[in-house]
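One line per chain: the protein sequences are A and B, in this order. Residue 175 is where the first sequence starts when you use our numbering, and the numbers rise one by one after that. Residue 175 is where the second sequence starts when you use our numbering, and the numbers rise one by one after that. A virtual CB, placed ideally from N, CA and C, is assigned to each residue, including glycine. Quick caveat, the model's predicted, so the values are computed rather than measured. Notes follow the structure.
There are 2 protein chains.
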Amino acid sequence: MTVERFAAPDAATVARVVGDGLREGAVVSIEAECEVEYDGRSGGYLGPGDRLVVCKPDGTLLVHRPSGHKPVNWMPGGATIKVDPGESDEDAPLLYARRSNPNEFLRVYLQDVYSVSRFDATDAVEYQERGTEAEMHEYIESDPESALEAGIRIVEHERETQYGYLDFFAQDADGTPVVVEVKRRQATLNHFDQLKRYMDLYRESNPEVRGMLVAPSTSDRVKRALRDNDMEFVRLAEFDVETREASETTLTDFS
Amino acid sequence: MTVERFAAPDAATVARVVGDGLREGAVVSIEAECEVEYDGRSGGYLGPGDRLVVCKPDGTLLVHRPSGHKPVNWMPGGATIKVDPGESDEDAPLLYARRSNPNEFLRVYLQDVYSVSRFDATDAVEYQERGTEAEMHEYIESDPESALEAGIRIVEHERETQYGYLDFFAQDADGTPVVVEVKRRQATLNHFDQLKRYMDLYRESNPEVRGMLVAPSTSDRVKRALRDNDMEFVRLAEFDVETREASETTLTDFS
DNA sequence: CTCTTAATATCGGAC
DNA sequence: GTCCGATGTTAAGAG
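Next up, the structure:
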């Protein structure tokens, strides 16, 4: 690892540090007054102001304002980043990122560069994640009777239908088919829609088929929509974030 | 504007620069070897490695690896960021971000800080965006006959129904009601679902009601779903990104 | 390549 | 505060 930092660099230095850095696999951060232009799926213009610009060797370009989680403008990984120092030292260096599919570009005019930093970062470990929907699927599959209802049996996981993929195809104690859609967070109207799409398909041939939306919680509107369409909401309290967490965070609290 | 940078700072300096900086409205960037722990809506652990950590005064915390558009871990704006220098200079300073609703936290153990930078950024201008769905709505509303079909008339925009908001409620040349759902990008199965949700509602009382999904393009599966449900796809080629852009980017190209 | 779905989605607007 | 829908969503996984 090394970090090399250049304060108030001229255009040629900016171009060199960014160009060499990205080519050699470093992350380059720039603190600068800049102007940004974007065109592609949408389009936009951001007038002059102070921003943090991050360039990654995979082609990622991020322009961050002093507030907000999301960059105001960006280019996802896979883009080509070029830097043009301009014709004279008076010119603002230009960062230009481009990609195809979709065809779009981003231009960052670096009008006043306060600082450029080259970070030769080594980061090889894998991120370990807990609490995905896949985990919830495993939980249901391992013990469907306690997760969903007595007597239920999973017939198929991720079944492909004419209209998309459903999470579980099951059978209840009476042998009636059950379509199960699982959400790890509060289920929304769109999730109800998704389940209904599969239901409409199966009900054509068998009006008895049941539909279950499984989630830690949902809104009243969704519950009514389910009821009106003879479908069911199954609450999986074990996966409710608010409930689950309160206890854990108390133990590990910090002040 | 000012940028102040500290190379290889000790724990006390890290704590001071981050604490003072955030309190006084600056953006603080840290290049460091660190370890990250997250728990909340999901949970995760990221072992030691070199990352760029960005702290914003609104409570945003971002941990960026050397590749990828999205931060590997983060806390959205509104969180409280604290920094603990540890008990001795040997200890790793700890960045701790927390928020409620949902209740979650992020811990960044800064095991080896290569550089800390405080950026007192001034950024007041507004971002100007083009090509939003709202623009597409205006386009349709201003001339529904050329956008959708001859004789059609918009009755209501953003009508609230029992199951949500629909984009346009219209009437065709014969006076038949038309439910219109607009997407500025390629329409997906979920968008079909959304339209169908409204359709089901209106068809109960009037089986003649028509449904239109308006978008620059869509997949065959969506087209079939629409056909099977007696709904229509209206292609708005004017908003097709791939088509529109080819010409523009040629003019403004850069190499 | 496209299509389909998940995501710690985030964000903003309406109520 | 909750709910609802747009987003330049991005990213992963299957075909």
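Residue i bridges to which residues according to DSSP?
i                 : result
Lys-256 (chain A) : A:Tyr-270
Pro-351 (chain A) : A:Gln-345
Phe-293 (chain A) : A:Val-177, A:Val-201
Met-386 (chain A) : A:Val-354, A:Glu-406
Arg-281 (chain B) : B:Glu-211, B:Tyr-270
Gln-302 (chain B) : A:Tyr-219
Val-237 (chain A) : A:Val-227, A:Asn-247
Ala-206 (chain A) : A:Arg-225, A:Val-287
Ile-328 (chain B) : B:Ala-344
Thr-392 (chain B) : B:Ala-361
Since residue i and residue j should fall inside the 8 Å C-beta cutoff, what is the C-beta to C-beta distance between them, to a whole number of angstroms?
i                 : j                 : result
Val-227 (chain A) : Val-188 (chain A) : 11 Å between Cβ atoms; not a contact.
His-311 (chain A) : Asp-341 (chain A) : 7 Å
Arg-273 (chain A) : Gly-252 (chain A) : 6 Å
Where residue i and residue j are concerned, what is the direct C-alpha to C-alpha distance, given to the nearest angstrom?
i                 : j                 : result
Asp-213 (chain B) : Tyr-219 (chain B) : 9 Å
Glu-264 (chain A) : Ala-185 (chain A) : 8 Å
Ser-464 (chain B) : Leu-269 (chain B) : This structure leaves residue 464 (chain B) out entirely; chain B is present only between 175 and 429.
Ala-182 (chain B) : Val-192 (chain B) : 14 Å
Val-354 (chain B) : Tyr-337 (chain A) : 21 Å
Glu-332 (chain B) : Ile-314 (chain B) : 13 Å
Tyr-288 (chain B) : Ile-204 (chain B) : 8 Å
Glu-319 (chain B) : Glu-382 (chain B) : 20 Å
Glu-207 (chain A) : Gly-221 (chain A) : 10 Å
Gly-260 (chain A) : Leu-284 (chain A) : 11 Å
Glu-198 (chain B) : Asp-297 (chain B) : 15 Å
Thr-306 (chain A) : Glu-278 (chain A) : 32 Å
Asp-224 (chain A) : Tyr-301 (chain B) : 13 Å
Glu-175 (chain A) : Pro-276 (chain B) : In the sequence on display, residue 175 (chain A) carries Met and not Glu. Distance between the alpha carbons of Met-175 (chain A) and Pro-276 (chain B): 36 Å.
Glu-406 (chain A) : Ile-328 (chain A) : 17 Å
Glu-330 (chain A) : Arg-377 (chain A) : 18 Å
Asn-247 (chain A) : Phe-293 (chain B) : 19 Å
Leu-375 (chain B) : Ser-391 (chain A) : 24 Å
Ser-429 (chain A) : Ile-255 (chain B) : The pLDDT assigned to Ser-429 (chain A) is 40, lower than 50, so where the model puts this residue is not dependable, and the model offers no usable value.
For residue i, name the three-state secondary structure that DSSP assigns.
i                 : result
Asn-380 (chain A) : coil
Leu-196 (chain B) : helix
Val-246 (chain A) : coil
Ile-314 (chain A) : helix
Phe-428 (chain B) : Note that Phe-428 (chain B) scores a pLDDT of 41, beneath 50, so its modelled location is shaky; the value from the coordinates is reported in the next line. In this structure, Phe-428 (chain B) counts as coil in the three-state DSSP scheme.
Asp-374 (chain B) : helix
Thr-335 (chain A) : strand
Thr-362 (chain B) : coil
Glu-319 (chain A) : helix
Glu-307 (chain B) : helix
Asp-367 (chain B) : helix
Ala-182 (chain A) : coil
Glu-412 (chain A) : helix
Three or more C-beta pairs below 8 Å linking the segment 228-238 of chain A and the segment 237-248 of chain B: With the cut-off at 8 Å, the segment 228-238 of chain A and the segment 237-248 of chain B touch.
Would the segment 343-354 of chain A count as touching the segment 370-387 of chain A if we require 3 or more Cβ pairs under 8 Å? Yes: at least three Cβ pairs fall under 8 Å.
* Counting Cβ pairs, one atom from each stretch, are 3 or more of them under 8 Å apart for the segment 359-368 of chain B and the segment 363-371 of chain A? -> Note that the segment 359-368 of chain B touches the segment 363-371 of chain A; at least 3 beta-carbon pairs, one per stretch, sit closer than 8 Å.
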